[in-house]
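Structure first, commentary second.
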Amino acid sequence: MDKQNPKVTVKINGREKNIKDTDTPKEKEEEVVWVLPEKVEVSERKVVSIEEVRNEKKKQPKKLKEQVGKISIKKSSFSAARKFIVIVGLAVTVGVGFGMFGLNTITNDKQPSPVSQSPSTVAVNSAVTDHSEQTKATEKELKEDAKPGATATVDAFSIYIVQAGVFSSKEAAAKAKESLSGESVVFGQSNAYTIVVGASTSEAKAKELSDAYKKSGEDAYVKSYEMKGAAQLAESDEKVMSTLQPFMANVMDQVGKVVEGNKASSVSEVKKELDKIQEQTDNKEIGKLIKTLEQSVSSLESFNQSSKKSDGDQATKYMLTSLVQYQQIIKK
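Written as structure tokens, this is what we have:
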């Protein structure tokens, strides 16, 4: 069957009117012109992506480098100023140093060579090796040109003596000395005259000498004694006398060994050093003192070979005599 066309019934003014559904031509489409509204700037919150943040961080080191460059320029200028200050400071320091050195040199020329006043220190310095070094130093000082007319006082020399009596007059001391069996000398100090039978650099050794002396039936006791100088000696002579102090201390200790019946040690080396010192002075009294010390050393050498008491007594005699001569030189 043929498909029937649909039928449309329309009432117009109450009357039905059949309208046949026919194809009508399409109406011409109207052209519509679209007008875009003007773009309105709307303030929106800016959204920053992660990539932009990373890129921003990468740019920051460049700014730091620029700042570092600026700082380095300031440091270089500061470094130049600091160098100038350091140079000026060094110049002032060096100048002051030379000035102090010159002042100390002039002052040392007027002062005697320091010598220890402590008996224990003197005892340590009595070693032969120390004697050799001190002699070399003294020889060097004596070779230097001394100022004409310059004088100095010898430093005090402290020892311990074994005394057998004290008297108010020299005559009384001399008379008492004759009654003693062993070797002895008389020390005069402050209107007191002391009979000395032994000497040492330490109190302990002096007491041992005192005990040995008491065995002979005579009384004796130990006392500290200071040989203090007042005489103004030529600088060269003062240096020689100061150098002799440790050698005299060594001879005292060696004589103490012999008194106790033991052999002396290193006496030959001491004699060689004394010969060297002898060449450094023209003072006759100092020459006699050195000669007396050498005689004591020779007696010690003889005792080492013979072990005779007479050689030991001779060593004691010359040692005590050297102490008297020493005091006569420094007190004039």
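In terms of the working numbering, the sequence shown opens at residue 123 and continues consecutively. A virtual CB, placed ideally from N, CA and C, is assigned to each residue, including glycine. Values in this document were obtained by computation on a predicted structure and should not be read as measured data.
In the same chain as residue 351, and ignoring 5 residues on each side of it, the C-beta atoms closer than 6 Å to its own belong to 275, 276 and 452, in chain order. If you look at residue 351, you'll find it isn't in any beta strand (DSSP E); DSSP assigns it neither H nor E. In the same chain as residue 417, and ignoring 5 residues on each side of it, the C-beta atoms closer than 6 Å to its own belong to 440, in chain order. For residue 364, the uninterrupted alpha helix (DSSP H) segment begins and ends at 357 to 381. Assignment of beta-bridge partners to residue 414 by DSSP yields no partner.
Each of 284, 370 and 305 was checked against the Cα of residue 344, and the nearest Cα belongs to 284. Only exposed fits residue 427, as fewer than 16 other CB atoms lie within 10 angstroms of its CB. If you check the CB distance, residue 422 and residue 380 come in under 8 Å. In the DSSP assignment, the residues bridged to residue 316 are 288 and 309.
Straight-line measurement puts the Cα of residue 287 at about 8 Å from the Cα of residue 318.
With respect to residue 419, residue 385 sits apart: the two C-beta atoms are not nearer than 8 Å. Within the DSSP secondary-structure output, residue 282 pairs in a beta bridge with 322 and 346.
Residue 403 carries a coil assignment under DSSP once its states are collapsed to helix, strand and coil. Residue 295 sits in a helix when the DSSP states are folded into three classes. Listed as beta-bridge partners of residue 437 by DSSP are no residues whatsoever. When only Cα atoms are considered, residue 374 and residue 321 end up about 6 Å apart. One thing to note: residue 396 has its Cβ no nearer than 8 Å to the Cβ of residue 408. Residue 308 sits close to residue 296, with the two beta carbons spaced by under 8 Å. Cα atoms of residue 414 and residue 444: separation of roughly 6 Å, rounded to the nearest angstrom. Between residue 447 and residue 410 a beta carbon distance of about 6 Å is seen, short of the 8 Å cut, so the two are scored as contacting.
In this structure, the beta-carbon distance from residue 298 to residue 349 does not fall below 8 Å. Short of 7 Å from the beta carbon of residue 424, and not among the five residues preceding or following it, lie these beta carbons of its own chain, in chain order: 433. Residue burial annotation: residue 438 is buried, with at least 16 other C-beta atoms found within 10 angstroms of its C-beta.
In the three-state DSSP reduction, residue 274 falls in the strand class (E or B). Between residue 362 and residue 402, the C-beta spacing is below 8 Å.
In the three-state reduction of the DSSP assignment, residue 340 falls in the coil class. In the three-state reduction of the DSSP assignment, residue 202 falls in the helix class. For residue 313, the number of other beta carbons within 10 angstroms of its own is below 16, and it is reported as exposed. Closest in alpha carbon position to residue 406, among 204, 430, 353 and 359, is 359. Its chain contains 284, 320, 322, 378 and 381 as the residues whose beta carbon lies nearer than 7 Å to that of residue 331, once the 5 sequence neighbours on both sides are disregarded; these appear in chain order.
Straight-line measurement puts the Cα of residue 365 at about 46 Å from the Cα of residue 208. The residues 381 and 382, in chain order, have a CB closer than 7 Å to that of residue 334 in the same chain once the five nearest residues on each side in sequence are set aside. Residue 304 sits in coil when the DSSP states are folded into three classes, being neither helix nor strand. It is roughly 17 Å from the alpha-carbon of residue 347 to the alpha-carbon of residue 290.
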